[in-house]
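The structure appears below as structure tokens.
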Amino acid sequence: MITRRLAVLLAAALAMGGCTSPDNQAEPPAPGSYPTAVAKGSTLTIYSWADYISDENLEAFEKATGVHVKVDAYASAEEAVAKLRLTQGTSGYDLVVMDGSYIPQLVQSKALLAWDKSRLPGLSGLSKTFTGKSWDPTNTYAIPKSGGSTGYVWDSAVVKTPPTDWNSFYASFADPAVKRRTSVIDGAPSFVGSYFWGNGISDQTTERADYVTAEQFYTANVLPHLKEFNSYPRADLASGDIVLAQAFTGDARGALMDGAKSLRFALGGPKTDLYVDHWVLPKGSQNIAAAHAFVQFLLNPENAARETKAHGYYTGVEASKQYLKDLPYKEIVFFDDGVPPDRFVPAEVTPARKQAVATFQRLKAVVSR
Amino acid sequence: MRSVRGLVPSLPAFTWLCLFFLLPGALVAVFSLGESTFFGTNPVDLSALSLHRYGEATSDTFRIVFQNTLQLSVVGTALCVLLAVPMAYLIATRLTGFWKYAAIAAVVIPYWMPFLLRTYSWRILLGDHGPITGALGVDSLGVLDTLAGAQLGVVYNYLPLAVLPIAVALDRLDPALRKAGRDLGASPWRVFWQVTLPAVRPGVISAALLVFIPLMGDYVTPSILGGVKAAVAGQLVSSSFLESQDWALGAATAVLLIGLVLVVLGCAALLLRLVSSLLRVVRPLDLTARFASTGWGHDFWGPGLRVFGIALTAFLWLPILTIVIYSFNGGRTLPVWSGFSTRWYAAVPDNHALVSSIGISLQVALLSTLVAVIVGTLAGAALARAARPLRRTLLGLLLIVFITPEIVSAIGLLLLYVAAGPGLSNGVLRLVIAHSVIAVAIVAFVVQARLSSLDPRLSDAAADLGAPPHAVFRRITVPLAVPAVLAAAVLASTASLDDVVASSMLGNVGTTTLPVFVYSTVRNGLRGDAAAASVGVMLLIAVAVVAIGWVLRLRGQSKSFAEGLVGQ
Numbered sequence: 001m002i003t004r005r006l007a008v009l010l011a012a013a014l015a016m017g018g019c020t021s022p023d024n025q026a027e028p029p030a031p032g033s034y035p036t037a038v039a040k041g042s043t044l045t046i047y048s049w050a051d052y053i054s055d056e057n058l059e060a061f062e063k064a065t066g067v068h069v070k071v072d073a074y075a076s077a078e079e080a081v082a083k084l085r086l087t088q089g090t091s092g093y094d095l096v097v098m099d100g101s102y103i104p105q106l107v108q109s110k111a112l113l114a115w116d117k118s119r120l121p122g123l124s125g126l127s128k129t130f131t132g133k134s135w136d137p138t139n140t141y142a143i144p145k146s147g148g149s150t151g152y153v154w155d156s157a158v159v160k161t162p163p164t165d166w167n168s169f170y171a172s173f174a175d176p177a178v179k180r181r182t183s184v185i186d187g188a189p190s191f192v193g194s195y196f197w198g199n200g201i202s203d204q205t206t207e208r209a210d211y212v213t214a215e216q217f218y219t220a221n222v223l224p225h226l227k228e229f230n231s232y233p234r235a236d237l238a239s240g241d242i243v244l245a246q247a248f249t250g251d252a253r254g255a256l257m258d259g260a261k262s263l264r265f266a267l268g269g270p271k272t273d274l275y276v277d278h279w280v281l282p283k284g285s286q287n288i289a290a291a292h293a294f295v296q297f298l299l300n301p302e303n304a305a306r307e308t309k310a311h312g313y314y315t316g317v318e319a320s321k322q323y324l325k326d327l328p329y330k331e332i333v334f335f336d337d338g339v340p341p342d343r344f345v346p347a348e349v350t351p352a353r354k355q356a357v358a359t360f361q362r363l364k365a366v367v368s369r
Numbered sequence: 001m002r003s004v005r006g007l008v009p010s011l012p013a014f015t016w017l018c019l020f021f022l023l024p025g026a027l028v029a030v031f032s033l034g035e036s037t038f039f040g041t042n043p044v045d046l047s048a049l050s051l052h053r054y055g056e057a058t059s060d061t062f063r064i065v066f067q068n069t070l071q072l073s074v075v076g077t078a079l080c081v082l083l084a085v086p087m088a089y090l091i092a093t094r095l096t097g098f099w100k101y102a103a104i105a106a107v108v109i110p111y112w113m114p115f116l117l118r119t120y121s122w123r124i125l126l127g128d129h130g131p132i133t134g135a136l137g138v139d140s141l142g143v144l145d146t147l148a149g150a151q152l153g154v155v156y157n158y159l160p161l162a163v164l165p166i167a168v169a170l171d172r173l174d175p176a177l178r179k180a181g182r183d184l185g186a187s188p189w190r191v192f193w194q195v196t197l198p199a200v201r202p203g204v205i206s207a208a209l210l211v212f213i214p215l216m217g218d219y220v221t222p223s224i225l226g227g228v229k230a231a232v233a234g235q236l237v238s239s240s241f242l243e244s245q246d247w248a249l250g251a252a253t254a255v256l257l258i259g260l261v262l263v264v265l266g267c268a269a270l271l272l273r274l275v276s277s278l279l280r281v282v283r284p285l286d287l288t289a290r291f292a293s294t295g296w297g298h299d300f301w302g303p304g305l306r307v308f309g310i311a312l313t314a315f316l317w318l319p320i321l322t323i324v325i326y327s328f329n330g331g332r333t334l335p336v337w338s339g340f341s342t343r344w345y346a347a348v349p350d351n352h353a354l355v356s357s358i359g360i361s362l363q364v365a366l367l368s369t370l371v372a373v374i375v376g377t378l379a380g381a382a383l384a385r386a387a388r389p390l391r392r393t394l395l396g397l398l399l400i401v402f403i404t405p406e407i408v409s410a411i412g413l414l415l416l417y418v419a420a421g422p423g424l425s426n427g428v429l430r431l432v433i434a435h436s437v438i439a440v441a442i443v444a445f446v447v448q449a450r451l452s453s454l455d456p457r458l459s460d461a462a463a464d465l466g467a468p469p470h471a472v473f474r475r476i477t478v479p480l481a482v483p484a485v486l487a488a489a490v491l492a493s494t495a496s497l498d499d500v501v502a503s504s505m506l507g508n509v510g511t512t513t514l515p516v517f518v519y520s521t522v523r524n525g526l527r528g529d530a531a532a533a534s535v536g537v538m539l540l541i542a543v544a545v546v547a548i549g550w551v552l553r554l555r556g557q558s559k560s561f562a563e564g565l566v567g568q
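Protein sequence lines correspond, in order, to chains A and D. Just so we're aligned: 254 in UniProt numbering is position 254 of the first sequence, and the numbers increase by one with no gaps anywhere. Just so we're aligned: 230 in UniProt numbering is position 230 of the second sequence, and the numbers increase by one with no gaps anywhere.
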């Protein structure tokens, strides 16, 4: 038995080493050929972040269709990417929530199926902020679920000059009143990227010199005043332990809701990123009909509004706003309102990621000594 | 006759670990010779093998974070052992009856609270606006987001891994021996040196291994409590695999880290030998004999130890009680108090994903502990008794299992599962296998700590009297090992209940575990329902263990479960 397993493993290793395994050569089915009937009593398995789909919507969908929905959680999008890339259609999930930046990789590794857009009439109601982005210009494989951007939160009782762009935000780190109560996002694309957004450099640059200047800038101006790398500083901002932080819109809104009334938020400038979680159909999806029905269900404006109420992120369904007039801090939720579209740089994963991560790791090492 | 002594008990461990660790792990190690590709079906291109990734891995960044990690781990291990020895000594030799069980429970129960919550709890406690600064009337404690914070976190999280092995090793120390020593006129110091220390030694070595090795890989504890001071090696490996998706570099960094940890362990073993031979020459007993009779009655130690025990228990329970209190926080964000409410407890049953994750976690913890106890106990017996070459090979394998960063074994296992197809597609089975691999190592080290502190002549005598090897194992080795097996089972179950990386990577439909769920909610803000559910799980397990002990006791199969744990 061990020898047989060994042979299988060896085959797997060879497959990974460049020889394509036969599975990948099979053409995926055409979207028009997908089954259309949503089977009552069937199960729809979803892979997502925890608490990221409204419980109310799940129940309503189950009631309306008779489909049982089962949601599993991943600990990071990257783990889900690795899993979808490796399992090649055997992941067992019917529908997956995936960060836009990873879509090109998954498409190229043939891990995704195309959507039958004729079954998603709600697509036309989606904001241009979310659709047609570089990760999937035709939204063939990825249907926007919800998204946000990155900016800064500060306590206006402490930081007297509101940051207007990334450079003035980082300049405030040296303000003696702040006293190292600062935090930046614990991720290379957000932290290293913000230097590029602030200085008119492409965040996918592969010029070594760009990373060297970014590193010098942070080493001189930010690291000496930095307390923590924290992707979700919400609680620390709300408690008052941190008074100046780089933050994602959803997390920033949470901080403002729970924290001192003097907390403020602004979108990063002159440019900042755009991240959008999408619905994708993994290869091997067993309940394609229900997956389409569920996504269309969430594109309905009223249901989309329920999503935003549950997790605090904009779904891109423009008509949902009419149901969200009383939403607290809705200017953060609808972060793109009145903002020129070119302010947002869609978050991408290209070979530049390697340089960004190496720079980030080096900065983390330097500040730790 | 004896040429293959210990082969049979070590076989299950060899088979299990080769199949589910060595093979998949080696596959990932091979990636270190290739080049990562962002696009296409293969994460790593192995068409042109080279050592370039090793050149890239031995960067200044690695040197700095390795130094950080080593410092954090050495100091953390030393502190854990220093705190654990008196606690274990108290449990094994001073406490009896109810208090003994209570002390064990006090050490163990906190670790059934999910890792992320019990670590995060220190942020609430030590924050500038937390309860302690309020009580002391100071602005800041200056601990959070510093090296001291990271150090505190690791000591807290790894303490039971030190206490239990030492307690089960110490426990074979017959109190009559120490008493005899005293009656024969030996000073307390001499009794400690010649009677207590030899008994505690295997436990301390096991404890040090069990704390030091996972510490070299842990990056979550330092990153939660150490702020910018927390750059450690495990994080570097994980970020290569995940954030930059550079599996080749991640694999090279992991191999480098494994090699260096083995070198550090080798140096530690050498140092230990050196110190032992030095002590034989210096004869510290004769030096201390002059100070021996300063007139401290041994009553000084009794109350002192008890005070220490109470203080340590308070340290272990402070974060747990904090989570319990905050689970009654009515606010949306767990750490921001906004008034007492039971709403999150009421909300748990409605959160289907959360409820299902509890069931999965308990199931996986139970089954993986069971596998680990069977395979690991046999391996522990082999470690203590087998012929030297066999013992060394097994020890090497177990050490590598334990040292390998979890992300590496998880990716390797995922490759194996994919290759195996439908045979290994059951999600619970996948998680049980993954969790049991680490747990086998834990169980083996704890069992070995006890068995090697026992007199080997016992089993030899049985064999000489004509008992076949399996009878010797069943009637001599197993009963002697029982307390260690129970302690090891407790540690294995906590390891399973803490696991995030492998569980997230290897589970499939319907197998999200509680720690993965809790970890995943951080993105949208840690909520009260996750804390409420975790408090419930911790209490449930504690009650179940006590109930099992009660039933066993009623049925008279064991004098008492807890007695078994400490081996009375």
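Note that the Cβ used here is the ideal one computed from N, Cα and C, for glycine as well.
### Message
Please report whether the beta-carbon of residue 82(A) lies at a distance below 8 Å from any beta-carbon of chain D.
### Response
Judged by the 8 Å Cβ criterion, residue 82(A) is in contact with chain D.
Across the segment 182-198 of chain D and the segment 249-257 of chain D, are there enough close Cβ pairs to call them in contact, namely three or more that are closer than 8 Å?
no
Report task. Report the residues of the segment 218-229 of chain A with a CB closer than 7 Å to any CB of chain D, ordered along the chain. Result -> 226, 227, 228, 229
Distance between residue 212(D) and residue 21(A) (C-alpha atoms, nearest Å):
For residue 21(A), the predicted model reports a pLDDT of 44, less than 50, meaning its position is unreliable and no value from the coordinates is stated.
The alpha helix (DSSP H) spanning residue 87(D) covers which residue range? 60-89
Practice item. Could you name the residues of the segment 350-373 of chain D whose beta carbon sits closer than 9 Å to any beta carbon of chain A, in the order they occur along the chain? Key: 350, 351, 352, 353, 354, 356, 357
| Anyone know if the C-beta pair for residue 436(D) and residue 368(D) falls short of 8 Å? | yes
Need the endpoints of the beta strand (DSSP E) that residue 187(A) sits in, please.
Premise fails: residue 187(A) is in no beta strand (DSSP E) and is neither H nor E.
With 7 Å as the C-beta to C-beta threshold (strictly closer), list the residues of the segment 25-54 of chain A near chain D in chain order. 45, 49, 50, 51, 52
Handout entry: Unbroken beta strand (DSSP E) run spanning residue 344(A), endpoints
Key = 344-346
- Whether residue 463(D) touches residue 71(A) by CB criterion (8 Å): no
For this session: Could you say if the segment 337-344 of chain D and the segment 504-519 of chain D meet the contact criterion of at least three C-beta pairs nearer than 8 Å?
Result: Because the criterion of three Cβ pairs below 8 Å is not met, the segment 337-344 of chain D and the segment 504-519 of chain D do not touch.
* **Within chain D, the residues that residue 78(A) reaches when beta carbons sit closer than 9 Å** => Listed along chain D, the residues sitting closer than 9 Å to residue 78(A) by beta-carbon distance are 241, 242, 243, 245.
When burial is assigned at 16 or more other CB atoms within 10 Å of the CB, is residue 207(A) buried or exposed? exposed
(request) Output the boundary residues of the beta strand (DSSP E) element that contains residue 265(A). (result) Per DSSP, residue 265(A) belongs to the beta strand (DSSP E) from 263-267.
Margin query: Suppose contacts are defined by Cβ-Cβ distances below 8 Å. Is residue 314(A) in contact with residue 339(A) by that definition?
Written below: In this structure, residue 314(A) keeps its C-beta atom at 8 Å or more from the C-beta atom of residue 339(A).
Checklist entry - At a CB-CB cut-off below 8 Å, which residues of chain A make contact with residue 39(D)? => result 104, 105, 108, 109
Give me the residue from 76(A), 86(A), 293(A) with the minimum Cα distance to residue 64(A). 293(A)
Practice item. Decide if residue 274(D) is buried, meaning its Cβ has at least 16 other Cβ atoms within 10 Å, or exposed. Key: exposed
Q.
Please tell me whether residue 99(A) has its Cβ less than 8 Å away from any Cβ of chain D.
A. No, its Cβ sits nowhere closer than 8 Å to a Cβ of chain D.
One question on the structure: do residue 159(A) and residue 222(A) come within less than 8 Å of each other, judged by their Cβ atoms? no
What does the Cβ neighbour count give for residue 548(D), buried or exposed, with the cut at 16 atoms within 10 Å? Exposed.
Against chain D: residues of the segment 232-243 of chain A by CB proximity under 7 Å
232, 234, 235, 238, 239, 240, 241
### Task
Can you grab the Cα-Cα spacing for the pair residue 36(A) / residue 506(D), in whole Å?
31 Å
For residue 310(D), count neighbouring Cβ atoms within 10 angstroms of its own Cβ and tell me buried if that reaches 16, exposed if not.
By the Cβ-count criterion, residue 310(D) is exposed, with fewer than 16 other Cβ atoms from all chains shown falling within 10 Å of its own Cβ.
Review point. Just reading off the beta strand (DSSP E) that residue 192(D) is part of, what are its end residues?
Key: Residue 192(D) -> no beta strand (DSSP E), and no H or E assigned at all.
request  = Under 8 Å by Cβ, that's how I've got residue 301(A) and residue 111(A) pegged, so tell me the actual separation to the nearest angstrom.
outcome  = In fact, because the Cβ distance is near 31 Å, the residues do not count as touching under 8 Å.
Between the Cα of residue 68(D) and those of 511(D), 428(D), 216(D), spot the shortest distance and give me the residue it belongs to. Per the C-alpha coordinates, the member of 511(D), 428(D), 216(D) positioned closest to residue 68(D) is 216(D).
message: Using beta carbons (cut-off 8 Å, strictly below), is residue 155(A) in contact with chain D?
response: Chain D contact via Cβ: absent.
inquiry  = Could you check whether residue 268(A) and residue 164(A) sit closer than 8 Å to each other, using their CB atoms as the reference points?
reply    = no
Per DSSP, which residues does residue 222(A) bridge with? Please list them. For residue 222(A), which the question treats as bridged, DSSP gives no partner whatsoever.
Quiz prompt | Exposure label - residue 273(A); buried when at least 16 CB within 10 Å | solution = buried
Shorter than 8 Å from the beta carbon of residue 28(D) to some beta carbon of chain A?
-> no
Considering only the alpha carbon of each residue, which of 509(D), 140(D), 324(D), 477(D) lies closest to residue 587(D)? Absent from the structure is residue 587(D), since the part of chain D shown begins at 1 and ends at 568.
Notebook entry, point to check: Bridge partners of residue 70(A), per DSSP?
Noted result: Beta-bridge partners of residue 70(A) (DSSP): 45(A).
* Evaluate contact between the segment 37-46 of chain D and the segment 109-121 of chain D, counting only Cβ atoms and requiring at least three cross-stretch pairs below 8 Å. => no
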